[in-house]
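Data block below; observations after.
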Amino acid sequence: MSAKAVAPWVRTRLRTAPGAAGALALLVLLTAFLAAALPRGIDRYEDRGLRHAVTSAAPDNTVIRVSGPVAATPVPGSDLTSDKMAQGYAELLRTIPAPLRPDRGQSAYGVRTTEKILSDARDTWLARPEGLPPRFFVDARSAPGDHTRLVSGRLPAAKAAASSPTAEAAVTKATADALHITPGSVIHVKRLMADPLALRITGIVEPLRPSATYWAAEPVLREPEFVLSDLNDRDSPHYWYAGLLLGPDAAPALAGAAGKPEVYTDIAPDPRAMNARQLGGLKSALASLKGGPALADIRAATDGGTQLMTQLDAVLTLFTSVRDSITPVVAVATFGTATVAGVVLLMAGGLAAARRTSELALLRARGGSLRGIAGRLTAETAVVAVPAAALGLALAVRAVPTGRIGTSLLAVAAVTAVSCLALPVRAVLAHRTVRSAERDDLVRVTPSRRRTVAELTLLVLAVGAVVALRRRSTAAGSDALVSSAPVLVGVIAALVLVRLYPLPLRWAARPAARLRSTVGFLSLARAGRAPGGGVLPLLALLTALTTAAFGGSVLAGVADARDRAALYTTGADARIDSVGPLPPALPGRVAKAPGVSSATPAHVEYGVEMPYGDRVAVIGADPDSYARLTARTGLGSIRADALRAAAGSGPATSGAPRGVLPAIASPKVAAGLGKGPRKVRVAGYDVMVEVVAVRTRTPAVPQSDFLVLDGSALGTKYPTTVLITGPSVDGRALRELVRTAAGPHPHDPPSVQLRKDTRRQLTDSPLQTGAEDLYTAAVAAGAGFAALALLLSLLRGAPERAALLARLRTMGLTRGQGRRLLILEALPQAVLAAVGGALTGWAATELLAPGVDLAGLALAASPATAAVTAELRADPLSLALPAACVVALAAGVAATQAWWTSRRGSITELRAGDTR
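All letters in the sequence shown, in the order written, are residues 232 to 1147 by our numbering.
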């Protein structure tokens, strides 16, 4: 007869401890999900950031412009027929190298003028608000019917040759309203060698997508511009500059027109086909187009004089620089979370090995080999961990559907390997030799030489990482060593604290032994008899606390930089600006609006020439209200008495100026004016000014050089700017108030700018918001793993503490004393971790602050934020809150165990032969 089959090891173990198997599966599932989702999340926000960078840039910067002169042919314009141009357009698109893909729906081709064409003298009916005739841009553009909505009339459809006296055109509704154009109007466009071309307006249209590249690449086609005739003279008259849209069949009519016509193709890039992993290929394709094989192919397919221009490569370069400055900061949180997660997985294996110490020792005593035991332990762990990791990967792919799968597979494989090997490796190391159980108290364990060498190696790596980060800065990129600097600092602190931990226990145990109550002494003795392997929970807690404190400091620095950038842009909580005078009663009405604390009027004149040649902004304001404004905003705080002019001082109405006006100046203006009175012409009057104080910024013009004067001493009394402070300024109500109070401004209406809107614009990039969200999630995940590490550490000794309480209750220990005993036993390690974590977080922040550049993460790249520095500084709340949570969690778990143990009977805890 055959022997009875032995029950399989794995099945037996899973049936014996289903709870432990389920807990392990849940831990592996969560860790694998986070490990798989992290790289895909990074890819997602980088892809979104790249597409946003391309779509938010000005279309005339991202469009690829291919242009050439109108060719001289025996029959002028014979090569400009719609069929030939469509054929050339198709051939041109085929030369665009991958991975760059054109957006055919927004690309266009045709013939356009490159210089402004002055309107003909006979077209006197066109609008001339300031007496100057309008100028025109003429474009025979492809597919106008696909991008317009007809308002009135019809689209231009008639064909026209180079010699045709007339052609048909259309204008947008904005152009028609501004220049008084109606269907049937005739506009004459000058030609070089013939009579003017009469363009008959056949229709008024509205753009379907005004912000899309088809229209935005040539903004004047969409709406007219009111242009200053002399850019160096703000008081010079304006004229209208408008666009006329011809049909593609009328392109030959522009062959001999004035305005230097050119044949063009505007190729709009397709942002939907771009991703951040193709940046290198995109830059190579653009380099080939601007001066490589692709440009040679284009010239071969068109004309040797063809030119190609685009600023898309500059947009990609700017995105790359911002991404490269953000990536190292995010990597810090990633390394910290990965370290804590790895420690938790190791602790889970260690907890399982500690719970099964007697079982494994018995197997070794009865002849079990290390290889056999390790193989069985690996198999029983893999049966649980591998399916859980696969499920975590599947959930991550579903939650984050875009991004690389290879990196996620490697991360999940690492999680699975650690989960499967933690228990067998720990068991093999603990049972290399067959021996009886020995005490490994924390206060008795002596570090081995190997451990000392390993700790010194980590110390060298930490010092090297800190020095490298301080010298190189995250703005120059980073590697694994530099990004792991805060983690290494936390690891070194944990190792140092583990070595120092026995000392305060011994010092505290001596006075506690002389107390009448035994609870204090017993709790300290119990804390000292904790297992010597307590380095792992302390390592997890300190790493998580360091990462959380560092991360909180990063987020606080980001928020502070955004607040300062918004303030430097607006100068106050809100501001109203106008080119012309604002109603004198407007500041008073604004001050009474809901949510407004104060409204400070100021007269700002830009471009005032200084005696040394520079042009700066001169501000005239009431000294008292302006001084209060500077105190509220913190921008160049001044005293009202320093700005107030003496009685009788003022501009010269005839002869020399009366008196000298005190002035507050920016450093450059102060250096140019020097000491003593200087004559300056402001608002049409000559005044004598003397610099009495220097400030870096001022609210009225926070981003340029300035000169602040007492407004009552200037000849001009009307305000051009109103600076508003208030806790909750309503932007919609404020704009409506300005619109009704300021009256009609046909060309330059007053603008209203809110600080909170400006701050929101600083973070409109998915690259920044995605990185910040990912950073916050990584820090939160690290904190969660740290809490789990603390729970695992407390669970390891839970059975022993339960048995201890049962025994002590038979000796008269009350429930309150038992609760205090467990809490005081858990507090030393928790307090050590909390204090050490807070100090380590502060030290890591101070050590690494010079090398961490937060500008890319905090601010959208723009000239307005160029002067704002984003500095890393220790945030007290980020240091104290995580540390307090650790202590509270440890005390709460201990109190819960004491309460739960008191509700159970003592019979099961006092079994005969129990060795706990």
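Don't be surprised by glycine CBs; every beta carbon is placed ideally from N, CA and C.
The structure presented is a predicted model; accordingly, all values stated were derived computationally and were not measured.
Residue i in three-state terms, based on DSSP
i: Asp853; result: coil
i: Gln1128; result: helix
i: Gln1048; result: helix
i: Gln999; result: helix
i: His283; result: helix
i: Gly838; result: strand
i: Arg635; result: coil
i: Leu539; result: strand
i: Ile348; result: strand
i: Pro330; result: coil
i: Ala473; result: strand
i: Gln984; result: strand
i: Arg586; result: helix
i: Pro468; result: coil
i: Pro239; result: coil
i: Thr312; result: coil
i: Asp501; result: coil
i: Ala1105; result: coil
i: Arg343; result: strand
i: Pro492; result: strand
i: Ala234; result: Only weak support is given to the placement of Ala234: the predicted model assigns it a pLDDT of 48, under 50, and the value that follows is read from those uncertain coordinates. Coil.
Residue i to residue j span [Cα, whole Å]
i: Ile295; j: Glu346; result: 20 Å
i: Leu608; j: Thr262; result: 21 Å
i: Pro908; j: Arg928; result: 22 Å
i: Ala1064; j: Ile850; result: 56 Å
i: Leu357; j: Arg970; result: 28 Å
i: Asp351; j: Asp291; result: 29 Å
i: Arg966; j: Val821; result: 10 Å
i: Thr861; j: Glu1003; result: 32 Å
i: Gly1013; j: Ala564; result: 8 Å
i: Ala1011; j: Gly867; result: 39 Å
i: Arg275; j: Gly1049; result: 52 Å
i: Arg793; j: Leu1005; result: 18 Å
i: Val420; j: Glu1102; result: 58 Å
i: Gly962; j: Gln984; result: 8 Å
i: Arg629; j: Leu640; result: 14 Å
i: Ala329; j: Gly487; result: 37 Å
i: Pro898; j: Pro842; result: 16 Å
i: Glu437; j: Thr293; result: 24 Å
i: Ala621; j: Gly523; result: 47 Å
i: Leu660; j: Ala653; result: 11 Å
i: Pro360; j: Ala409; result: 10 Å
Burial state of residue i, where buried means 16 or more other Cβ atoms lie within 10 Å
i: Asp377; result: exposed
i: His411; result: exposed
i: Thr247; result: exposed
i: Leu1108; result: exposed
i: Asp314; result: exposed
i: Trp1073; result: buried
i: Asp461; result: exposed
i: Arg680; result: exposed
i: Arg602; result: exposed
i: Thr243; result: exposed
i: Gly1068; result: buried
i: Gly580; result: buried
Should the region 826 to 845 be regarded as contacting the region 952 to 963, the criterion being three or more beta carbon pairs within less than 8 Å?
Yes, since at least three Cβ pairs between the region 826 to 845 and the region 952 to 963 fall closer than 8 Å, the two stretches touch.
Length at least 4, wholly inside the region 350 to 428: the alpha helix (DSSP H) runs in chain order
404 to 410
Measuring CB atoms only, is the region 448 to 456 touching the region 469 to 481, in the sense that at least three cross pairs come out at less than 8 Å?
yes
Is the region 428 to 447 in contact with the region 331 to 338, if contact means three or more CB pairs nearer than 8 Å?
yes
Evaluate the contact criterion for the region 506 to 518 versus the region 526 to 536: three or more CB pairs, one atom per stretch, below 8 Å.
Taking 8 Å as the limit for Cβ pairs, the verdict is that the region 526 to 536 does not touch the region 506 to 518.
Do the region 615 to 629 and the region 542 to 556 make contact, defined as three or more Cβ pairs closer than 8 Å?
As far as the Cβ criterion goes, the region 615 to 629 does not touch the region 542 to 556, which means the pair count is below three.
Taking only runs of the beta strand (DSSP E) that begin and end inside the region 783 to 834, which ones reach a length of at least 3 residues, in chain order?
805 to 808
Touching by the beta-carbon criterion (3+ pairs, under 8 Å), the region 569 to 578 and the region 639 to 650:
yes
Starting from the N-terminal side, write out each stretch of the beta strand (DSSP E) that is 3 residues or longer and does not extend beyond the region 883 to 932.
892 to 896, 909 to 913 and 916 to 925
Where in the region 432 to 461 do unbroken runs of the alpha helix (DSSP H), each at least 4 residues long, occur, reported from the N-terminal end onward?
444 to 447 and 450 to 453
Pairs of beta-carbons, one from the region 1116 to 1134 and one from the region 1069 to 1081, closer than 8 Å: are there three or more?
Taking a cut-off of 8 Å on C-beta distances, the region 1116 to 1134 does not touch the region 1069 to 1081, as fewer than three cross pairs fall below it.
Taking only runs of the beta strand (DSSP E) that begin and end inside the region 540 to 566, which ones reach a length of at least 3 residues, in chain order?
none
Taking contact to mean 3 or more Cβ pairs, one atom from each stretch, closer than 8 Å, check whether the region 775 to 787 and the region 583 to 594 are in contact.
no
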